[in-house]
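To keep things clear, I will list the structure first and then write my remarks on it.
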Amino acid sequence: MSVSQEIGASIPNNTEHAVSVTLPTWKATVGYEEGEDWVVSKMNSGYPRFFIHLKIKELARYIETQYGRDGEQCMIFPTPNVAKECRDFIKAKSSCTSVRVLRLSTPAPKSEDEAMTRIETSIGVVFFPESEFPVAKQYWQHAGQGISSRMGEYCLSEFQYADKLKNGPSPSGSTISALRPQTQHAQPEKLGVVNSEKESSMFIEEKFGRNLNFKDAQNAKDIIRKRISGKIDASSESAAGELHVSGRDVFLYPSGMAAIYNSHKALLSTATNPGKSVCYGFPYVDTLNILRKWGPGCIFLGFGDDAAFQELETLLETGGDESKILAVFCECPSNPLLKTPNLPEIRRLADKYGFAVVVDETVGNIVNIHVLPYVDMVASSLTKVFSGDSNVMGGSLVLNPNGPKYATLTKYFSETYDENLFFAEDALYLERNSRDFAARSDKINVTSELVVDLLVNSPLIKDIFYPSLLPTKKYYDLVKTPQGGYGGLISFVFHNPEHAIVFFDSLKLSKGPSLGTNFTLACPYAILAHYGELDEVEKWGVDRNIVRISIGLEDRDELLKVIKQALDAAQDKV
325 MSVSQEIGAS IPNNTEHAVS VTLPTWKATV GYEEGEDWVV SKMNSGYPRF FIHLKIKELA
385 RYIETQYGRD GEQCMIFPTP NVAKECRDFI KAKSSCTSVR VLRLSTPAPK SEDEAMTRIE
445 TSIGVVFFPE SEFPVAKQYW QHAGQGISSR MGEYCLSEFQ YADKLKNGPS PSGSTISALR
505 PQTQHAQPEK LGVVNSEKES SMFIEEKFGR NLNFKDAQNA KDIIRKRISG KIDASSESAA
565 GELHVSGRDV FLYPSGMAAI YNSHKALLST ATNPGKSVCY GFPYVDTLNI LRKWGPGCIF
625 LGFGDDAAFQ ELETLLETGG DESKILAVFC ECPSNPLLKT PNLPEIRRLA DKYGFAVVVD
685 ETVGNIVNIH VLPYVDMVAS SLTKVFSGDS NVMGGSLVLN PNGPKYATLT KYFSETYDEN
745 LFFAEDALYL ERNSRDFAAR SDKINVTSEL VVDLLVNSPL IKDIFYPSLL PTKKYYDLVK
805 TPQGGYGGLI SFVFHNPEHA IVFFDSLKLS KGPSLGTNFT LACPYAILAH YGELDEVEKW
865 GVDRNIVRIS IGLEDRDELL KVIKQALDAA QDKV
């Protein structure tokens, strides 16, 4: 099982648009969090909401040179309206008033042939003083609506091509052909020798992309929508008169966090006097950030257990201002503790008190769980198991056509949703990647159970967090599909923290952020996601030394052998 252990290398290796990065040791992960040069100077890749892709940085430098003023930086978004949201966020969170938005467009194709490799698009660029970059980066990270690396690469090539035409002599037809940017998906280089790293990157992208065509992009988006709605609808037991989920109920976004952000934005925008939202259970970090930084605030019920449910019910029964909540947001199951909320009971309260329910089912995924009957909106990161290949970002938001807020939400999204949020080329990759996602999920379920058995029998392990092992299993089983399993995410804590470090360092697997990949991926989760608040997250049951593994598609015997070797190393060396 050969994987890269080079700090900063992309995961998958030599993949230009990879969404994970190698942090091969516990010390390297800490070094990354502390900004130590021996780690950050080697970062060629990273999770896109935290690490701005090198192509996007190159595009930003180009735009700053062309349109920027002294002392300004810029941040780039897939539509001008998103850029305006970032501008408003910067102004709201700082005293800065000199923030401006620029719209830039790429030209439409001039022929049917050009339409294969060219697409008209408009990006939004936010300019702000350099001192405000950390605030702008918060919006980029939390809202998840930054320009994708493929969109950045495409726009840069188009802008540079336009410059060549503008600055050079009047070109002939053959010269224009030579100048036109050749995007990687369209065709590989025809002449010359490329270096081995670029050749490998091209091979991987072409293998996944299979000579993609921009003209197919809208069809790819429609197929993705039908793939999602079809899988959800197949799990439904619709009563007479109930509506079926259709592709019209599925909205695509550039990331899973963008789906959550837009679900919250929709509820804020359609409520007459919005109250606070409830975050039920300990969630992925940026869900909580969204609920806290936009709107009137958040009530955090971080344990997400039966006591937390009683606390929620008591709060609603009091009838005070705090009881007028906008929505309950939760994960099913949660990341990293894999707890499952009692969704039927939360739905009962929602119907009684009129709030919305939004569930992030990324970790469970639509193959394993069917949560739609209990919610108003289902959010998911399509970057994870739906894609699997770890080379494209995406998110989805699905409306419940039988939910009490469906008419209001449908009207809102029909008036505000912008198809250009999700870039055409990303849609092409995601459609190709996701064709076998159900079969991959089934295989991951089986392998995960075997890994859990191995961990259960290890005397080094104190706690294991997996949906089938926890008291909330009864709530998971209420939403589990007949053929579904318990997913591919496993978290665990060692009795001795030193065992955790040796185990992780000895593990001959890919190590970095993300989950749901076709390859097994491990990380010291609290160190990676909550390094600045380790004491705080421990109050909610997240041990600072927790290890999280996302199970992939490797040979089961080989994977078990690799994990056992790391357990043995921990036992031998400490």
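Okay, so the sequence shown: first residue is 325 according to my numbering, each after it adds one. Think of the CB as a built atom: it goes at the ideal place given N, C-alpha and C, for glycine as much as any other residue.
For this session: Determine contact between the segment 363–370 and the segment 849–860, defined as no fewer than three beta-carbon pairs at a distance below 8 Å.
Result: no
Problem set entry | Cβ-Cβ distance between V871 and F843 below 8 Å | Taking the sequence shown and counting its residues from 1, the one referred to as residue 871 is at position 547. Taking the sequence shown and counting its residues from 1, the one referred to as residue 843 is at position 519. No, Cβ-Cβ distance for V871 and F843 is not below 8 Å.
Problem set entry | Whole alpha helix (DSSP H) elements within the segment 437–496, 4-residue minimum | 457–467, 473–491
Exercise. To which residues does DSSP link K804 through a beta bridge?
Worked result: The count along the sequence shown starts at 1 and reaches residue 804 at position 480. Paired residue(s): I693.
Exercise. Mapping DSSP to helix, strand and coil, what is A416?
Worked result: Indexing the sequence shown from 1 puts residue 416 at position 92. Of the three classes helix, strand and coil, the one that applies to A416 here is helix, per DSSP.
Exercise. Three-state secondary structure (DSSP) at M399?
Worked result: Translated into the one-based positions of the sequence shown, residue 399 becomes position 75. In the structure shown, M399 sits in a strand (DSSP, three-state: E or B).
Problem set entry | Cβ neighbours of T594 in the same chain (closer than 6 Å, five flanking residues each side left out) | Here residue 594 corresponds to residue number 270 of the sequence shown, with the count starting at 1. The residues are T732, Y736.
Exercise. What residue does the beta strand (DSSP E) around F816 start on, and which one ends it?
Worked result: Reading the sequence shown from its first residue, position 492 is the one you call residue 816. Taken as a continuous stretch (DSSP letters only), the beta strand (DSSP E) holding F816 covers 813–818.
Exercise. Going by beta carbon distance, what residues of the same chain come within less than 7 Å of L891, once the five residues before and after it are set aside?
Worked result: Residue 891 sits at position 567 when you count from the first residue of the sequence shown. Excluding sequence neighbours, L891 sits near S782, L784, F827.
For this session: Drop a sphere of 10 angstroms on the beta-carbon of Q469, count the other beta-carbons inside from all chains shown, and report buried for 16 or more, exposed for fewer.
Result: By one-based count along the sequence shown, residue 469 stands at place 145. Classification for Q469: buried.
For this session: Decide if P821 is buried, meaning its Cβ has at least 16 other Cβ atoms within 10 Å, or exposed.
Result: Here the question's residue 821 lines up with position 497 in the sequence shown. Under this definition P821 is an exposed residue.
Exercise. Looking at S758 and I548, is the spacing between their C-beta atoms short of 8 Å?
Worked result: The residue given as residue 548 occupies position 224 in the sequence shown. The residue given as residue 758 occupies position 434 in the sequence shown. Yes, the Cβ-Cβ distance between I548 and S758 is below 8 Å.
For this session: Please say whether K835 and L347 have beta carbons closer to each other than 8 Å?
Result: For the purposes of this step, residue 347 is identified with residue 23 of the sequence shown, where counting begins at 1. For the purposes of this step, residue 835 is identified with residue 511 of the sequence shown, where counting begins at 1. Yes; because the gap between Cβ atoms is below 8 Å, this pair is in contact.
Exercise. Going by the beta-carbon positions, is the gap between P402 and F816 smaller than 8 Å?
Worked result: Numbered from 1 along the sequence shown, position 78 holds the residue referred to as residue 402. Numbered from 1 along the sequence shown, position 492 holds the residue referred to as residue 816. No. Outside cutoff.
Exercise. Leaving out the 5 sequence neighbours to the left and right, which residues in its chain are closer than 6 Å to Y463 when beta-carbon positions are compared?
Worked result: For the purposes of this step, residue 463 is taken as the residue at position 139 of the sequence shown. Cβ within range, chain order: C410, F413.
Exercise. Three or more C-beta pairs closer than 8 Å, one from the segment 485–494 and one from the segment 433–450: is that the case here?
Worked result: no
Problem set entry | Reduced DSSP category for A703 - H, G, I as helix; E, B as strand; rest coil | Residue 703 sits at position 379 when you count from the first residue of the sequence shown. If DSSP states are grouped into helix, strand and coil, A703 belongs with the strands.
Exercise. From what residue to what residue does the alpha helix (DSSP H) around S765 run?
Worked result: Here residue 765 refers to the residue found at position 441 when the sequence shown is read from its first residue. 761–780 is the extent of the alpha helix (DSSP H) around S765.
Exercise. Buried or exposed: W618, going by 16 or more other Cβ atoms within 10 Å of its Cβ?
Worked result: The sequence position of residue 618 within the sequence shown is 294, counting from 1. With 16 or more other Cβ atoms within 10 Å, it is buried.
Exercise. Taking the beta strand (DSSP E) that R424 falls in, what are its first and last residues?
Worked result: Along the sequence shown, read from residue 1 onward, the residue named residue 424 stands at position 100. From DSSP, the beta strand (DSSP E) with R424 extends over 424–430.
Exercise. Going by the beta-carbon positions, is the gap between L662 and Y478 smaller than 8 Å?
Worked result: As a working note, residue 662 is residue 338 in the sequence shown. As a working note, residue 478 is residue 154 in the sequence shown. Their beta carbons are not under 8 Å apart, which means L662 does not touch Y478 by this criterion.
Exercise. Among the residues of its own chain, which have a CB less than 7 Å from the CB of C398, if the five just before and after it don't count?
Worked result: Here residue 398 refers to the residue found at position 74 when the sequence shown is read from its first residue. Once the five neighbours on either side are set aside, the close Cβ partners of C398 are A384, I387, E388, G392, V449, V450, F451.
Exercise. In three-state DSSP terms, what is N519?
Worked result: Here residue 519 refers to the residue found at position 195 when the sequence shown is read from its first residue. Note that N519 scores a pLDDT of 42, beneath 50, so its modelled location is shaky; the value from the coordinates is reported in the next line. Three-state DSSP puts N519 in coil, outside helix and strand.
Problem set entry | Reduced DSSP secondary structure (H/G/I, E/B, other) of E822 | As a first step, residue 822 must be located in the sequence shown, where it is residue number 498. Of the three classes helix, strand and coil, the one that applies to E822 here is helix, per DSSP.
Problem set entry | Secondary structure, alpha helix (DSSP H): runs of 4+ residues fully inside the segment 841–879 | 849–854, 858–862
Problem set entry | Paired residues, beta bridge with D787 - DSSP | Here residue 787 corresponds to residue number 463 of the sequence shown, with the count starting at 1. Its beta-bridge partners are V817.
Problem set entry | Distance between N613 and W350 (C-alpha atoms, nearest Å) | Reading the sequence shown from its first residue, position 26 is the one you call residue 350. Reading the sequence shown from its first residue, position 289 is the one you call residue 613. Near 26 Å, if we compare the C-alpha coordinates of N613 and W350.
Exercise. Which of helix, strand or coil does DSSP assign to Y585?
Worked result: On the sequence shown, position 261 is the one that residue 585 refers to. Residue state, collapsed to three classes: helix.
For this session: Within the segment 589–630, note down every full alpha helix (DSSP H) run reaching 4 residues or more, in order along the chain.
Result: 609–617
Exercise. Is it buried or exposed for K897, if we count other Cβ within 10 angstroms and need 16 for buried?
Worked result: Here residue 897 is taken as the residue at index 573 of the sequence shown, counted from 1. Per the 10 Å Cβ criterion, exposed.
For this session: Could you name the residues of the same chain whose beta carbon sits closer than 6 Å to that of M581, not counting the 5 residues immediately before and after it, in chain order?
Result: For the purposes of this step, residue 581 is taken as residue 257 along the sequence shown, with counting starting at 1. Here the set comprises G468, D610.
Exercise. Using CA coordinates, which residue listed in L877, M717, G571 is at the minimum distance from P578?
Worked result: For the purposes of this step, residue 578 is identified with residue 254 of the sequence shown, where counting begins at 1. Per the Cα distances, M717.
Problem set entry | Sufficient close CB pairs (3 or more, under 8 Å) joining the segment 791–806 to the segment 687–698 | yes
For this session: Determine, using beta-carbon pairs with one atom in the segment 750–768 and one in the segment 644–655, whether at least three such pairs fall under 8 Å.
Result: no
Problem set entry | Straight-line gap, R474 to E482 (C-alpha atoms, nearest Å) | What you label residue 474 is simply residue 150 of the sequence shown in a count that begins at 1. What you label residue 482 is simply residue 158 of the sequence shown in a count that begins at 1. Roughly 12 Å separates the two Cα atoms.
Exercise. Just to confirm, are I825 and T353 a CB contact at a threshold of 8 Å?
Worked result: Position 501 of the sequence shown, counted from the start, is the residue given in the question as residue 825. Position 29 of the sequence shown, counted from the start, is the residue given in the question as residue 353. Cβ distance not < 8 Å, so I825 and T353 don't count as in contact.
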